[in-house]
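Step one of this worksheet: look at the structure below.
In the numbering used here, the protein residues as written are 1 to 571.
Laid out in structure tokens, this is it:
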């Protein structure tokens, strides 16, 4: 198998045996560092928000609350995630395809534009010039540099997508790999296609809004039009995350257990379903908007949504079943022995598997329920909505990316992670905090507590508000949010310490697992002959977990219909 990399511009990873393009390595490092800086900013803001929505504390006044929530949303959903995804695209298109980077000039432009956009937007918000929240709905108006910064960032990300596609092209042209592209690269390709769709929506909605802020347009864009196009950008950003997160699941499943998917073809079809249907999930933000028809809402929240859900359920079954097959290949028996004897002290495995469970049980069940046209009426604009997306974006994507970093830092930065005992528990701190917070949000939202507002009584407005029963749930929000933010800050400290002060490692990384576990993992990775579909490797435990998931979904889903009937009695 040929390579198009100059021998002087590449190295072989001593742990995985994968080729590393030194040019791509530089940009992976730059994007990864920028992503952790974004996470640090967002996590700091998260503590302030948690201690504000916990109304016993009520830390921030309303103006500061809206400033901080704008910082938090943009840094956590946009900057931290997309910087990390640029690093993933570079790795998936070079190391996994045995190829050089397509264009260093494009990669420099991508990084510098995204970094500039990150700086401009954060300056605008923190200086009080753009207290408009992440959604920035018109007629709310920020200063012009806020929109300009987002546009610059989006164009930079688009250049990163172009560079990824260019690398795929030259790898195919130069025959640097055999057969189809690897599944992980295929997942990154799906994320790239969705990203292009997403960034185009961002340009369509932000450019005229920027012109309006400059005074070049007399009137603001139409509010209903803005909301529809903005959510083609805002919610679709999460769909990029889903594809990238699932690709990371497959990668970490292989690195930590030697797993391989039961069916590559079925997994690729699931990614294709994401491309075709998952962006339509943006519709659930518009289910109470009068500007779109009832038939449009029904289509997007039923038939089209179900196909995207089918894709997630395929991945949700395939990933743990591949881990189970690998564990059974080691000789581990019993219904759940594969799970109890998994490498839970490996932060890469712990983060990825917790991400899978939190995203599936928390995000999947609540997402389908809240995306149902009728049920959405009793949940829209309550704390149930951020309760849902915190278990998808934070408990799902962010936790998976943290797990990836525990391998990227030793393999790409060639630095050892410090304070390994703390690193082993960090995914649990973050994951448990997110779960406590999201449950508190969901229960408080079920009592009608609004989102996007610092307090229940609307800052002392003279209206009758009696939501005292929500107090313990808001305390859960505050405590869980603080725990999760501390977990994120621990990750930032570990990552920064490793990158800038950590012990250099030019050879194989120090494994997270016991010597025997790591020996078996490496043997499964390198042994191309074994099949996860072989006799005796049937994923019986995963089937049982799937049935538990479906039962949990049925109970939650029909409980919401009962809650809807309580609002609108059917007699």
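From the three backbone atoms N, C-alpha and C, an ideal C-beta is built for every residue, glycine too.
From a predicted model like this one, the values you see are computed outputs, not experimental measurements.
message = I'd like the list of long-range same chain contacts for residue 275, defined as Cβ closer than 8 Å, with 5 residues on each side in sequence excluded.
response = 190, 193, 194
ask   = Between which two residues does the beta strand (DSSP E) harbouring residue 20 extend?
value = 19-21
Where the beta strand (DSSP E) through residue 489 begins and ends = From DSSP, residue 489 is part of no beta strand (DSSP E) but of the alpha helix (DSSP H) over 471-501.
ask   = Of all the options 486, 522, 262, which has the alpha carbon lying nearest to the alpha carbon of residue 535?
value = 262
message = Judging by CA-CA distance, which residue of 27, 351, 516, 523 is the nearest neighbour of residue 399?
response = Answer by Cα proximity: 351.
request  = Report buried or exposed for residue 205, applying the criterion of at least 16 other Cβ atoms within 10 angstroms of its Cβ.
outcome  = buried
task = Reducing DSSP to helix, strand and coil, say where residue 133 ends up.
result = coil
ask   = Touching or not, the region 359-379 and the region 418-429, by the rule of three or more beta carbon pairs under 8 Å?
value = Taking a cut-off of 8 Å on C-beta distances, the region 359-379 does not touch the region 418-429, as fewer than three cross pairs fall below it.
ask   = Looking only at C-alpha atoms, which of 252, 345, 449, 409 sits nearest to residue 381?
value = 449
Residue burial classification, residue 463 (beta-carbon count within 10 angstroms, cutoff 16) = exposed
inquiry  = Contact defined as beta carbons within less than 8 Å: I believe residue 302 pairs with residue 236. What is the distance between those atoms, to the nearest angstrom?
reply    = The pair is not a contact, with the Cβ atoms about 19 Å apart (cut-off 8 Å).
request  = Please report the residue range of the alpha helix (DSSP H) in which residue 172 lies.
outcome  = 144-173
Candidates 512, 248, 278, 244: closest to residue 231 by CA position = Taking only the C-alpha atoms, the option nearest residue 231 is 278.
ask   = Quick one: what's residue 11 bridged to in DSSP?
value = Looking at the DSSP assignment, residue 11 forms a beta bridge with 20.
inquiry  = Bridge partners for residue 450 per DSSP, in chain order?
reply    = 382
inquiry  = Contact defined as beta carbons within less than 8 Å: I believe residue 429 pairs with residue 358. What is the distance between those atoms, to the nearest angstrom?
reply    = Actually they are not in contact, since the Cβ atoms of residue 429 and residue 358 sit about 13 Å apart, beyond 8 Å.
ask   = What residue does the alpha helix (DSSP H) around residue 85 start on, and which one ends it?
value = 80-94
task = Out of 72, 188, 111, state which residue places its alpha-carbon closest to the alpha-carbon of residue 132.
result = 72
message = Given this structure, state the Cα-to-Cα distance separating residue 180 from residue 153, to the nearest angstrom.
response = It is roughly 32 Å from the alpha-carbon of residue 180 to the alpha-carbon of residue 153.
ask   = Just reading off the alpha helix (DSSP H) that residue 573 is part of, what are its end residues?
value = For residue 573 there is no data in the structure shown, the boundaries of the chain being 1 and 571.
request  = Using three-state DSSP, classify residue 415 as helix, strand or coil.
outcome  = Per DSSP, reduced to three states, the secondary structure at residue 415 is strand.
message = Looking only at its chain, what residues have a beta carbon closer than 8 Å to the beta carbon of residue 59, apart from the 5 residues adjacent to it on each side?
response = If we look at residue 59 and ignore the five residues flanking it on each side, its Cβ neighbours are 48, 51, 52.
key: Euclidean distance between Cα positions of residue 392 and residue 365   = 11 Å
message = Judging by CA-CA distance, which residue of 70, 225, 106 is the nearest neighbour of residue 150?
response = 70
message = Whole angstroms are fine: how far does the CA of residue 162 sit from the CA of residue 87?
response = For residue 87 and residue 162, the distance between alpha carbons rounds to 14 Å.
task = Have a look at residue 318 and residue 539 and give me their C-alpha separation to the nearest angstrom.
result = 10 Å
message = Suppose the cutoff is 6 Å on Cβ atoms and the five residues either side in sequence are ignored; what does the same chain contact list for residue 85 look like?
response = 244
Which residues DSSP lists as bridging residue 405, in chain order = According to DSSP, which records beta bridges pairwise, residue 405 is partnered with nothing at all.
request  = State yes or no: is the C-beta of residue 484 within less than 8 Å of the C-beta of residue 551?
outcome  = With respect to the 8 Å criterion, residue 484 and residue 551 are not classified as neighbours on the basis of their beta carbons.
task = With a threshold of 16 other CB atoms inside 10 Å of the CB of residue 560, please say whether the residue is buried or exposed.
result = buried
task = Work out the CA separation of residue 159 and residue 106 for me, nearest whole Å.
result = Straight-line Cα distance between these residues: approximately 6 Å.
Three-state secondary structure (DSSP) of residue 105 = helix
Under the three-state DSSP convention, the category residue 220 falls into = coil
task = Determine the burial state of residue 474: buried for a count of at least 16 other Cβ atoms within 10 Å of its Cβ, exposed for fewer.
result = Label assigned to residue 474: buried.
inquiry  = Considering just the uninterrupted stretch of the alpha helix (DSSP H) at residue 549, what are its terminal residues?
reply    = 540-567
inquiry  = Is it buried or exposed, residue 61, if we count other Cβ atoms within 10 angstroms and call 16 or more buried?
reply    = exposed
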